[in-house]
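Colleague:
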């Protein structure tokens, strides 16, 4: 009950739970442009410090 009350109080103050996204929407867009231009996902993953599987989830192979 106390946990629920605390969460409700936090929501009332405009806070949300969970982890913050690692990349901003602009960074995701730029990563997508790099992949579309032919840069390997491995290099893009290193540049943005994310996993290759994350890039495959965000930008599937058939999607261009």
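In this note's numbering, the protein residues as written are 96 to 159.
From the three backbone atoms N, C-alpha and C, an ideal C-beta is built for every residue, glycine too.
Between which two residues does the alpha helix (DSSP H) carrying residue 242 extend?
Modeller: The requested residue 242 does not occur in the structure, where the chain is confined to residues 96 to 159.
Colleague: Excluding the five sequence neighbours on either side, which residues of its own chain have a C-beta within less than 7 Å of the C-beta of residue 123, listed in chain order?
Modeller: Cβ neighbours of residue 123 within its own chain (closer than 7 Å, five residues either side excluded): 153.
Colleague: For residue 142, count neighbouring C-beta atoms within 10 Å of its own C-beta (all shown protein chains included) and say buried if the count is 16 or more, exposed if not.
Modeller: exposed
Colleague: Under three-state DSSP, which class holds residue 148?
Modeller: helix
Colleague: Taking the CB atoms as reference points, tell me whether residue 145 and residue 129 lie closer together than 7 Å.
Modeller: no
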